[in-house]
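Structure first, then comments.
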Amino acid sequence: MLKNFDFSSNLIHWYEENKRDLPWRHTQNPYFILLSEIILQQTRVQQGLPYYYKFIHNFPTIFDLAKAEESEIYQLWQGLGYYSRAKNLHLCAKQLVSLYQGSFPENYNDLIKLSGIGPYTASAILAFAFNKNVVLIDGNVYRFISRLWSINELINTSKSLRIFNELLLHYLPKNQSNIFNQAIMEYGALICTPKQMKCGICVFQSQCISFKNNEIDQFPVKKKNIIKKNRYFTYFVFIENQQLIISKRVVKDIWQNLFEFPLSEEESLSDFEKSEFYRENKLKYSKEPNFVITNKKHILTHQNIFSRFVIYDFIPKEFKNNQKFKQIFINQIDDYPFPVMMNEIIQQIKIGLYL
DNA sequence: TATGCGTGGCC
DNA sequence: TGGCCAAGCAT
1 MLKNFDFSSN
11 LIHWYEENKR
21 DLPWRHTQNP
31 YFILLSEIIL
41 QQTRVQQGLP
51 YYYKFIHNFP
61 TIFDLAKAEE
71 SEIYQLWQGL
81 GYYSRAKNLH
91 LCAKQLVSLY
101 QGSFPENYND
111 LIKLSGIGPY
121 TASAILAFAF
131 NKNVVLIDGN
141 VYRFISRLWS
151 INELINTSKS
161 LRIFNELLLH
171 YLPKNQSNIF
181 NQAIMEYGAL
191 ICTPKQMKCG
201 ICVFQSQCIS
211 FKNNEIDQFP
221 VKKKNIIKKN
231 RYFTYFVFIE
241 NQQLIISKRV
251 VKDIWQNLFE
261 FPLSEEESLS
271 DFEKSEFYRE
281 NKLKYSKEPN
291 FVITNKKHIL
301 THQNIFSRFV
311 IYDFIPKEFK
321 NNQKFKQIFI
331 NQIDDYPFPV
341 MMNEIIQQIK
351 IGLYL
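Below is the structure:
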């Protein structure tokens, strides 16, 4: 077993020598910490970084964020994924302003009541903004620590959380929670990586149980086998006089609160393939579409979306003055957040390819 | 406790 | 290439 002093001091020493220069490591401002933690949920640093800069530039204080329009938040979040984070971040800012005059509570129980803040983010704020004596358990920690001590316990359960929490609290140097937690996550991100782990340069190699047993790839213990569902989307792009029809996804489903074109979803591949270009009401248009773009596949974590775009040079009557749909000018399209899947076709619409 | 939620990078 | 993976949370 690693001695208390060995693990913490070796880890922190490694961190000081090898850490990346990331902007949120230069601040203890709880608002900036909050922003970075929400953005980095299930997201790599490289992907989240530009969004962090965008948000602190557009909303330099929690008050700016709280009083922003929800549409502005979505607009900035566009392309980052997991869009409920944007909504909850906004709600959280409003709650902090109304309940705490824009300051942050410095205890776990109050933090976790805020929208979008769960056990990890609450602890992260306590550690990084207030240097409280808490430990963070995220994917990096589960991986690094389960390998080091060969902890054969299914991760992301209340039991494993308890085990890891207790173990790490034992090693946490008092009043160094800020640096200790950054260090352990950085080690997981840079050395004890999911694949191609850098055991050759790992400063804990001689003490790593799973390395000694040649079973590193068996940790962390995860539940696997997510089942992917195939879905079949036909989008109708109606363009007339530089205007087109869009609609907001209001149902509880992927891309909630983002925009799209009028959609017909088929239940199966055969339905998708055999269907003429019709909508749910089976309406057929007398005119053939000007363009049909097929075989677009978009991969999500739990779903494969097969899509095609059917483009017409007119707007049917039932889409005009219809509350479920919105008629906008092509040059306004950037004011609305769309799923990344639509980027290509939107670009083509904007340059007038389908006029 | 189990499931759904995006996107991009990696091999 | 398809599957896995990344600083979780809400329900």
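When you line the first sequence up against this note's numbering, it's residues 1 to 355, in that order. We put the CB at the ideal spot given by N, CA and C, even for glycine. Because the structure is a prediction, the values reported are computed rather than measured.
Status (buried if at least 16 other CB within 10 Å, exposed otherwise) for residue 294: exposed
Classification of residue 138 by the beta-carbon crowding that lies within 10 angstroms, buried from 16 upward: buried
Residue 356 - DSSP class collapsed to helix/strand/coil: The chain is shown from 1 up to 355; residue 356 falls before or after that span and cannot be answered.
Selection from 69, 33 and 67 that minimises the alpha carbon distance to residue 52: Residue 52 has its Cα closest to that of 33, out of 69, 33 and 67.
Residue of 61, 127, 141 and 72 minimising C-alpha distance to residue 190: 141
Residue 341 to residue 352 span [Cα, whole Å]: 19 Å
Check whether residue 160 and residue 166 have beta carbons under 8 Å apart: no
Pairwise C-alpha distance: residue 259 and residue 246: 7 Å
Separation of residue 114 from residue 107, as counted between CA atoms: 12 Å
Residue 333 and residue 242 closer than 8 Å at C-beta: Judged by beta-carbon spacing, residue 242 lies beyond the 8 Å limit of residue 333, meaning their Cβ atoms are not closer than that value.
Nearest neighbour of residue 67, chosen from 9, 270 and 90 [CA to CA]: 90
Helix, strand or coil at residue 323 [DSSP, three-state]: coil
Own chain residues within Cβ distance below 7 Å of residue 280, not counting five before or after: Its pLDDT being 41, under 50, residue 280 is placed unreliably in this model, and the value from its coordinates should be taken loosely. Same-chain partners within the cutoff: 264.
Endpoints, the beta strand (DSSP E) within which residue 233 is located: Start and end: 229–240.
Distance CB(residue 124)-CB(residue 37) smaller than 8 Å: Yes; because the gap between Cβ atoms is below 8 Å, this pair is in contact.
Exposed unless 16 or more other CB atoms sit within 10 angstroms - verdict on residue 339: buried
Inter-residue spacing [alpha-carbon to alpha-carbon] between residue 82 and residue 215: Distance between the alpha carbons of residue 82 and residue 215: 33 Å.
CB contact flag (residue 237, residue 244, <8 Å): In contact: residue 237 and residue 244 (Cβ atoms closer than 8 Å).
Pair within 8 Å by beta-carbon distance, residue 76 and residue 88: no
Spatial distance of residue 261 from residue 85 (CA atoms): 23 Å
Inter-residue spacing [alpha-carbon to alpha-carbon] between residue 157 and residue 8: 25 Å
Closest by C-alpha distance to residue 60, when choosing among 102, 235 and 269: 102
Minimum C-alpha distance to residue 15 - residue among 79, 205 and 184: 184
Nonlocal neighbours in the same chain, by C-beta distance under 7 Å from residue 97, ignoring five residues either side: 62, 63 and 66
Proximity of residue 146 and residue 220 at Cβ, strictly below 8 Å: yes
Cβ-Cβ distance between residue 178 and residue 136 below 8 Å: Against a cut-off of 8 Å, the Cβ pair of residue 136 and residue 178 comes out as no contact.
For residue 219, the residue or residues it bridges with in DSSP: Bridge partners of residue 219: none, in fact.
Limits of the alpha helix (DSSP H) - the one that residue 42 falls within: Premise fails: residue 42 is in no alpha helix (DSSP H) and is neither H nor E.
Beta-carbon spacing of residue 235, residue 310 below 8 Å: yes
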